[in-house]
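Residue numbers (the working numbering): 203 to 687.
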C-alpha cells in the first residue's frame, strides 16, 4: 500500500479531503485535512434529483484544488467517492465524466450500504468502545450499522438527510410535523435488531451538536472524537433546537454555517436515538474517509487491526521514539512493579492499561528537546493519542507522563477534569510506579523485585548509585519502604 494516501468524499453538503501517512505496517497519522462547502445537492431535491449547474461548478473547482493539494503532499494513491446526492441524480454520469475530464480524478459513486460500511469500519477500529450502532447523518441520507465486539453485523441506509429536509420542510414553510412523518416512514424500515445502549455519532451535524453540548457543559478537553454524553439527557435539548426559529438558533451557539440545516439534523438524530433506546452517545471524529483508508490498509485483515494493536500508539512510537528498547525496559519494569505492589496499592487492574501506555511513551518528548521532556511528551500524547482511547484514558496517560518524576498535584491541573478522572490516590500510585520504572532506566540492567512486610526490595547485579538516589527522592503516595539489595 502507498505510504501517503488521499481520500476525497463528495457529500451532499460538503466535499472533504483527508490525507493519511503510514508510519509502519499498520501505524498511521492524519497529516492534512480540508473541506469545501460545495452543497452539491443544492436545489436537486426540488428538481427531481437533478444536480444543478452552480453546485456542479463548485464541486469541480473544489476537486480540482483537492487534487493539486494531494499532489503537493506527495500522495501516491487517491480515492474519490460520492454519496447520496450524486448516486440519486439522473445526471450523475455527466457529472462523473466532467470531473474526470477536467481534473483526471475518477469519482466512484458508492451505494448506501457501502457508505454505512465505511463509517462502521472507521468506528469499529478507531473508537474506544467496540459495541454500538453507528448513526451517520449526511445531507441526503443517513446510514446506520450494528457493531458487536468490533465486528460489523448489519448495515442500512435511509433517505433522510439535513439538506433533503431543509429543502422539503424548512426552506419555504417550516413543517415539523411533516418532517417527522417523512422521517418516520424511513425509520419504519429499520429492522428490530437495531437496538443498543451505545450509539456512535458520525458526521458534521452530530459533531456540531456535540460542540454545543461541550460548550453548554463547559467541558475542558477540546476534542470531539471520543466525547461521551447521555442520550436521554439531551434528546429534549435537541427538540428545543429543531423547534426553534431560524433567527433564534444563535442563542444555542449554532454557528452561522450550520443554521440552515442543523434543525433537520437534530430532528433525525433525536428520533433515531429514541428508536434505538440509546443510553450513551460516543461522538466520532472519523467516518467515511477514514473507513475508506482503513478498508484499503486492512483489506487482508478482515478490516480489523490485530488484537491489542493501536494505530495512534504505534504511530507515535514510529515518529518520536529515539530508543525503543530502552522504552520497553521502562514498560516491562512498570508492569512488574504494578503486579508486585498490588497487595499494597489495591488498584483495579484496568489501570494497568494506562500505566503500560504511559510507560511506553515517557521518552517521546526527547525527540523535541531533552529539556522539559516530560511536558513535551505529555503534549504529544494528549494531542496525538487520538484513536481507540477515551477522553479519560488520554487525560490519565498524559498526567502520568507529565508527572513521572514528581507528585501529581491536587489543584487546578486536574480539578477541571475531575469528573472523568479516578481518585487522586490512584493517580499518585500509578505515577509513583512509573517514576520508579523511569529511574531504573538510568541503569541498563535487569532488576528483580520483592515486596514483603511493606518493603519493596530491588535487586540488580550492579551497584546502581544514581538509580538509588533517584528512587529515594521520589514522593510516595503512602508509607512504603524501599531497599536495594
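From the three backbone atoms N, C-alpha and C, an ideal C-beta is built for every residue, glycine too.
Nearest-angstrom beta carbon gap, residue j and residue i [assumed within contact, 8 Å]
i, j, result
"residue 561", "residue 666", "Contact flag wrong, Cβ pair sits at about 19 Å."
"residue 283", "residue 310", "5 Å"
"residue 362", "residue 336", "Going by Cβ atoms, the distance from residue 362 to residue 336 rounds to 15 Å, so no, they are not a contact pair."
"residue 347", "residue 322", "4 Å"
"residue 367", "residue 213", "So it is not a contact: roughly 15 Å between Cβ atoms."
"residue 563", "residue 536", "Residue 563 to residue 536, Cβ: 11 Å. No contact."
Where the beta strand (DSSP E) through residue i begins and ends
i, result
"residue 246", "No beta strand (DSSP E) holds residue 246; DSSP gives it neither H nor E."
"residue 630", "That residue, residue 630, is in no beta strand (DSSP E); its alpha helix (DSSP H) goes 626-642."
"residue 467", "Not the beta strand (DSSP E): residue 467 falls in the alpha helix (DSSP H), residues 464-477."
"residue 483", "482-485"
"residue 431", "430-432"
Backbone CA spacing between residue i and residue j [nearest angstrom]
i, j, result
"residue 375", "residue 333", "40 Å"
"residue 251", "residue 520", "47 Å"
"residue 559", "residue 580", "12 Å"
"residue 384", "residue 621", "40 Å"
"residue 522", "residue 230", "13 Å"
"residue 234", "residue 359", "29 Å"
"residue 628", "residue 544", "12 Å"
"residue 399", "residue 421", "23 Å"
"residue 661", "residue 330", "38 Å"
"residue 350", "residue 508", "16 Å"
"residue 388", "residue 379", "15 Å"
"residue 645", "residue 491", "46 Å"
Residue i in three-state terms, based on DSSP
i, result
"residue 559", "helix"
"residue 688", "The structure shown does not extend to residue 688, since the chain spans only 203 to 687, so no value can be given for it."
"residue 222", "strand"
"residue 606", "coil"
"residue 296", "helix"
"residue 355", "strand"
"residue 514", "helix"
"residue 230", "strand"
"residue 570", "coil"
"residue 453", "helix"
N- and C-terminal bounds of the alpha helix (DSSP H) containing residue i
i, result
"residue 216", "Run containing residue 216: none; DSSP gives neither H nor E here."
"residue 533", "526-542"
"residue 581", "575-586"
"residue 386", "378-389"
"residue 374", "Per DSSP, residue 374 belongs to no alpha helix (DSSP H) and is neither H nor E."
"residue 271", "255-274"
Residues sharing a beta bridge with residue i, DSSP
i, result
"residue 659", "652 and 685"
"residue 338", "345 and 404"
"residue 207", "222 and 279"
"residue 284", "212 and 311"
"residue 237", "218"
"residue 492", "For residue 492, which the question treats as bridged, DSSP gives no partner whatsoever."
"residue 448", "Answer is none; residue 448 lacks a bridge partner."
"residue 329", "For residue 329, which the question treats as bridged, DSSP gives no partner whatsoever."
beta-carbon residue i near the ligand ATP non-hydrogen atom, thresh 7 Å
i, result
"residue 685", "The ligand content of the structure shown is nil, which means the ligand ATP is not present either."
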